[in-house]
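In this text, residue positions in the sequence shown follow numbering that gives the first Met the number 0: the first is 0, and each later residue adds one. C-beta: ideal position from N, C-alpha, C; glycine also. These notes are about the structure you will find just below.
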Amino acid sequence: MSIYKDSKGVLFSTDFLLGLFLFIIAIGMMINIIDNSDDKILNSLEVNNLERLTSEIADYLINNPGSPENWENLNDYNDVSPGLAIRNGNNDTIINSISFKKIKILENEQYETLIDRNIFNDEIKSSIAIYPFNENLDPITIGNDVINKNISNVVVVNRTITCDFLSSLALVSIINENRDIIYDKLCNHDIIDNGNDISELDHVENQDFIWICKEFKVKRSELENNNYYLLFNKESTKINSHWILDSSKTEINIENSITSPIINLNRYFEDNLANESSLIFYLHCKVPKKDKNKFECVLASVPYDLNLDNINIDYFKTQNSYFILKTWYE
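Spelled out as structure tokens, the structure:
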């Protein structure tokens, strides 16, 4: 009888120990789950804070021109707060805008100073991307690379903005957005002498064509650092339109047919400014009246050090784009 009881007692003890062991394992698993849950909550809080910060920084960058004023013209960026917004001719800030000149400064090895350090205090990594709606323009991506990062820990903020791209480099701009002011200068082919009641208008509108004539100035010193281009949209090469380029010293009547979307004018300006410090030039465009709304033309001065693989007229217009700011912890 006692042997039986002892046997049962041993069996009871073994079952108890096995159950206790399984219980301890279960508790350990629960604690691990709780620990992991705590980690997820902590990460969630961090991500929420990063999302808020990233959103605030994105809005700051696209709605403020930065300080000091015109910081993009400085050589030392250590004390710059780099807002990217554009100031217009009245010195008013254009909200939801990006200055292409400021973006190029960030792209030219200043991102670490201006964004990583001056904005994020070297505590957060980031990148900025500009994606134009217009597919004729290349996207721009600058900043740090996202390497070996859990995608859930990378915050992405997207804003719709306008970017001026190279529009500030246009000496002459005949495009749809400013077509209402294309007749702002008198043509040098027109002779008007009110004193002697003489009026001889060469480039005037008729039933078939209109003339768009624009005046601009070029300095010889500027030729050393710039390329000069005459650019047309594709439609302008298909509508039997023509152009003339002359100056206040030489009047030309030979019309050039527009067959190419881009023409390099460096040699022309070098020849005409060989003995002049500066000169007034005139661009004359003859456009079929029925196709005048299809015609677009820009004459631009582009710095040598501005590398563009695919230069075209669309770069010289203000363009709607996506501004994407990505951030993550180191």
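Buried or exposed (CB count within 10 angstroms, at least 16 for buried), residue i
{"i": "residue 129", "result": "buried"}
{"i": "residue 235", "result": "buried"}
{"i": "residue 258", "result": "exposed"}
{"i": "residue 253", "result": "exposed"}
{"i": "residue 299", "result": "buried"}
{"i": "residue 120", "result": "exposed"}
{"i": "residue 285", "result": "buried"}
Beta carbon of residue i nearer than 7 Å to that of residue j
{"i": "residue 160", "j": "residue 97", "result": "yes"}
{"i": "residue 282", "j": "residue 213", "result": "yes"}
{"i": "residue 166", "j": "residue 317", "result": "yes"}
{"i": "residue 242", "j": "residue 232", "result": "no"}
{"i": "residue 152", "j": "residue 327", "result": "yes"}
Reference residue i; option with closest CA among the options
{"i": "residue 70", "options": "52, 43, 101, 288", "result": "101"}
{"i": "residue 113", "options": "296, 240, 141", "result": "141"}
{"i": "residue 210", "options": "151, 173, 233, 45", "result": "173"}
{"i": "residue 94", "options": "163, 52, 80, 44", "result": "163"}
{"i": "residue 226", "options": "48, 215, 262", "result": "262"}
{"i": "residue 276", "options": "81, 50, 218", "result": "218"}
{"i": "residue 228", "options": "297, 116, 110", "result": "297"}
{"i": "residue 303", "options": "265, 146, 55, 47", "result": "265"}
{"i": "residue 150", "options": "270, 110, 291, 46", "result": "46"}
{"i": "residue 230", "options": "116, 87, 294, 288", "result": "294"}
{"i": "residue 50", "options": "155, 270, 319", "result": "155"}
Residue-level contact to chain B via CB, residue i, 7 Å cutoff
{"i": "residue 323", "result": "Included in the structure is just one protein chain, with no chain B present."}
Separation of residue j from residue i, as counted between CA atoms
{"i": "residue 33", "j": "residue 305", "result": "Residue placement at residue 33 is flagged as unreliable, the pLDDT there being 37, under the threshold of 50; a coordinate-derived value is accordingly withheld."}
{"i": "residue 91", "j": "residue 206", "result": "42 Å"}
{"i": "residue 67", "j": "residue 60", "result": "14 Å"}
{"i": "residue 83", "j": "residue 58", "result": "10 Å"}
{"i": "residue 122", "j": "residue 246", "result": "57 Å"}
{"i": "residue 132", "j": "residue 186", "result": "36 Å"}
{"i": "residue 138", "j": "residue 313", "result": "13 Å"}
{"i": "residue 329", "j": "residue 222", "result": "46 Å"}
{"i": "residue 89", "j": "residue 280", "result": "27 Å"}
{"i": "residue 73", "j": "residue 157", "result": "29 Å"}
{"i": "residue 124", "j": "residue 325", "result": "8 Å"}
{"i": "residue 79", "j": "residue 118", "result": "9 Å"}
{"i": "residue 77", "j": "residue 105", "result": "13 Å"}
Residue(s) in a DSSP beta bridge with residue i
{"i": "residue 318", "result": "162"}
{"i": "residue 214", "result": "281"}
{"i": "residue 241", "result": "256, 285"}
{"i": "residue 293", "result": "Bridge partners of residue 293: none, in fact."}
{"i": "residue 328", "result": "123"}
{"i": "residue 298", "result": "171, 229"}
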